[in-house]
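Take any residue in the sequence shown, note its place counting from 1, add 16, and you have its number in this note's numbering.
Built from N, CA and C at the ideal position, the CB exists for glycine as well.
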Amino acid sequence: MASAAGNKGLSGRKRTTPEDLLEHATHLELENWFLEARVKTLEEDGRKNRLKIDDLRRELRECKEKLEKERNQVATYRQDNRELIASHEQMMLRWRKAIDEKRALRASLQTKASGQN
């Protein structure tokens, strides 16, 4: 029964004449041609997508490299700033010490001067 249904043409009647078989063969050839065209299209789309993926991966890699460089520059900048701040703090401490010493010297000289008068 299944084989009888498989031998029926587009019209639903059994294919027995050469014309019926030729019609069915033509239909199968067209279907085959469309399927091959679809496969080629999908393969080409797949190639294009792989190229796009490769481009995006390359772009991502470049972006990560740039980001890493920027992070390193920021870290260097921060370290330089910390060193500069520490240097300025040391300088301020030296200035304060010098100012305190000068004040003490001035006070000492004033007490000596007032003791001699």
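DSSP three-state assignment for residue i, whether helix, strand or coil
i, result
"T32", "coil"
Residues near residue i by beta carbon distance below 8 Å, same chain, minus five either side
i, result
"K68", "none"
"P34", "none"
Close-in-space but distant-in-sequence residues of the same chain around residue i (CB under 6 Å, 5 per side omitted)
i, result
"S124", "none"
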